[in-house]
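FYI, in my numbering the residues of the sequence shown are 315 to 411. No residue lacks a Cβ here, since even glycine has one placed at the ideal position from N, Cα and C.
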Amino acid sequence: MVQISGDSMYPTYRDGTRVLVNLDAYLQKTPESKDVVLALHPFKIGVYIIKRVSHVTDDGRYFVVGDNSFSSSDSRGFGPLRLEKILGRVIETRSHE
Numbered sequence: 315m316v317q318i319s320g321d322s323m324y325p326t327y328r329d330g331t332r333v334l335v336n337l338d339a340y341l342q343k344t345p346e347s348k349d350v351v352l353a354l355h356p357f358k359i360g361v362y363i364i365k366r367v368s369h370v371t372d373d374g375r376y377f378v379v380g381d382n383s384f385s386s387s388d389s390r391g392f393g394p395l396r397l398e399k400i401l402g403r404v405i406e407t408r409s410h411e
């Protein structure tokens, strides 16, 4: 279970929403467009991000974006992610209390 911190995925996920992540989701297949993924931030060590896969680039990297483009640090700023940075797929949501 991972807790959303911030508004980058609003309105899909609000600050404080808890999500369940399948860490085995991409062992047999690769992320697809529209998947919501848990990934490692490419430049901030130990920082996890939850973003939506927008598309796969020609060189096989993943362009990930927040649903709230006004409040999201994502591939528009740091570029597409290598598959190794993507840890799992969000599969379930629990509202914050």
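Query	Result
Complete runs of the beta strand (DSSP E) confined to the stretch 325 to 369 [at least 3 residues]	332 to 336 and 350 to 354
CB of PRO345 within 8 Å of CB of ILE400, strictly	yes
Nonlocal neighbours in the same chain, by C-beta distance under 6 Å from PRO394, ignoring five residues either side	THR371, ARG375, TYR376 and PHE377
Same chain, Cβ closer than 6 Å to HIS369, neighbours up to 5 away in sequence not counted	SER347 and PHE377
Span separating the alpha-carbon of VAL361 from that of LEU354	6 Å
Classification of LYS358 by the beta-carbon crowding that lies within 10 angstroms, buried from 16 upward	exposed
Same chain, Cβ closer than 6 Å to ARG332, neighbours up to 5 away in sequence not counted	MET315, GLN317 and ARG408
Bridge partners - LEU395, DSSP secondary structure assignment	TYR376
Sub-8 Å separation of SER319 and SER386 beta-carbons	no
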